[in-house]
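See structure below.
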Amino acid sequence: MAPVREALGSSVDALTAIGIEDARLDAEVMLAAATGWERAALIASLEAEVPPPAARLFGEMVRRRLRREPVAYVDRRVLIPRPETELLVEIALERAPATLLDVGTGSGAIALAVADELPDCAVTATDTSPAALEVARANAERLGLAERVRFLPGSLPERVDFDLVLANLPYVEETVWPSLQPEVTQWEPREALLAGPDGLDAYRALLGERGSAFSRYPEESSATAVALEVGEGQAEAVAELMAAAGFAALETRRDLAGIERVVLGER
78 MAPVREALGS SVDALTAIGI EDARLDAEVM LAAATGWERA ALIASLEAEV
128 PPPAARLFGE MVRRRLRREP VAYVDRRVLI PRPETELLVE IALERAPATL
178 LDVGTGSGAI ALAVADELPD CAVTATDTSP AALEVARANA ERLGLAERVR
228 FLPGSLPERV DFDLVLANLP YVEETVWPSL QPEVTQWEPR EALLAGPDGL
278 DAYRALLGER GSAFSRYPEE SSATAVALEV GEGQAEAVAE LMAAAGFAAL
328 ETRRDLAGIE RVVLGER
């Protein structure tokens, strides 16, 4: 058996050697998961011995991380939920809508968080990927929220008469794909990230002038408000697409890095 200090030290050295940022944090998170100990307790017990079963599991985790598999990896059928996506959930909690639509739900993280926090909200979630919907439904079952969220295939349901529509759609420019980190290019689905030369194709399909999804519905049966997560430098262009679809951009929300990450509009 090796002490915690030694297990962390050797793994941090290996992760750092291949250029992984935050190697210490990654190692601590993996060892905490392997041992079942809280990170704080782990750091406070550097001389404690790591049990053999936990050491074997930790070793496998480190080997996977050395192949650039993300620590937060969930399932290759969906994206890893990003911290900035919490901004969409925050908007939902602030507005407390009676009905909500989550477009492109992926793992279901947004829809399930809202359903859990707002038990009186009728939540609907859609995705064009059958595999993603399978993951989202499984997560709903695991969290005991299967009866709280309606999952539908496609982009928009027959009617879009929701108080609030949230969407975290693909917004990465195709040309930047080769420059992204291996954690992204090797482990996450391209179709859930890439959206044309300027990264706005998915939002054009939802809001744009070419047969806008929202414009197919009478105003009285369409969404009241919409909040969209966008890429760096895209907020102004997405606000213009919103305006073309009949939504006045109310505000943008910045993420922790100061990037305009969410655009909120209202009819």
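Residues 78 to 344 (the numbering used here) make up the sequence shown, in order.
Glycine is no exception: its CB is placed at the ideal position from the N, C-alpha and C atoms.
Fair warning: this is a prediction, and the values are worked out from it, not measured in the lab.
Cβ of residue i within 8 Å of Cβ of residue j?
| i | j | result |
| --- | --- | --- |
| residue 312 | residue 319 | no |
| residue 187 | residue 233 | no |
| residue 220 | residue 304 | no |
| residue 202 | residue 179 | yes |
| residue 164 | residue 306 | yes |
| residue 222 | residue 194 | no |
| residue 336 | residue 309 | yes |
| residue 226 | residue 175 | no |
| residue 79 | residue 132 | yes |
| residue 142 | residue 92 | yes |
| residue 210 | residue 228 | yes |
| residue 190 | residue 166 | yes |
| residue 362 | residue 302 | Coverage of the chain is limited to positions 78 through 344, which leaves residue 362 absent and any answer about it impossible. |
| residue 230 | residue 196 | no |
| residue 341 | residue 168 | yes |
If you draw a straight line from the alpha carbon of residue i to that of residue j, how long is it in whole angstroms?
| i | j | result |
| --- | --- | --- |
| residue 338 | residue 85 | 35 Å |
| residue 119 | residue 81 | 7 Å |
| residue 97 | residue 321 | 43 Å |
| residue 200 | residue 217 | 12 Å |
| residue 280 | residue 112 | 43 Å |
| residue 277 | residue 245 | 12 Å |
| residue 134 | residue 173 | 42 Å |
| residue 121 | residue 105 | 12 Å |
| residue 138 | residue 107 | 7 Å |
| residue 147 | residue 329 | 29 Å |
| residue 183 | residue 204 | 7 Å |
| residue 140 | residue 324 | 49 Å |
| residue 129 | residue 136 | 10 Å |
| residue 102 | residue 162 | 21 Å |
| residue 89 | residue 110 | 16 Å |
| residue 117 | residue 198 | 36 Å |
| residue 114 | residue 127 | 10 Å |
| residue 314 | residue 123 | 51 Å |
| residue 83 | residue 185 | 38 Å |
| residue 95 | residue 331 | 32 Å |
| residue 99 | residue 275 | 30 Å |
| residue 237 | residue 87 | 54 Å |
Which partner residues of residue i appear in the DSSP bridge assignment?
| i | result |
| --- | --- |
| residue 341 | 304 and 328 |
| residue 317 | For residue 317, which the question treats as bridged, DSSP gives no partner whatsoever. |
| residue 80 | 126 |
Need the endpoints of the alpha helix (DSSP H) that residue i sits in, please.
| i | result |
| --- | --- |
| residue 119 | 116-120 |
| residue 199 | First-last for residue 199: 199-204, but that is the beta strand (DSSP E), not the alpha helix (DSSP H). |
| residue 187 | 186-194 |
| residue 112 | 100-112 |
| residue 170 | 163-172 |
| residue 136 | 129-143 |
| residue 278 | 278-284 |
| residue 217 | 207-219 |
Going by DSSP, what residue range makes up the beta strand (DSSP E) through residue i?
| i | result |
| --- | --- |
| residue 178 | 176-180 |
| residue 244 | 241-244 |
| residue 229 | 226-230 |
Verify the contact flag: residue i, CB atom, against every heavy atom of the ligand COA, threshold strictly below 7 Å.
| i | result |
| --- | --- |
| residue 232 | In terms of ligand content, the structure shown is empty, and the ligand COA therefore cannot be addressed. |
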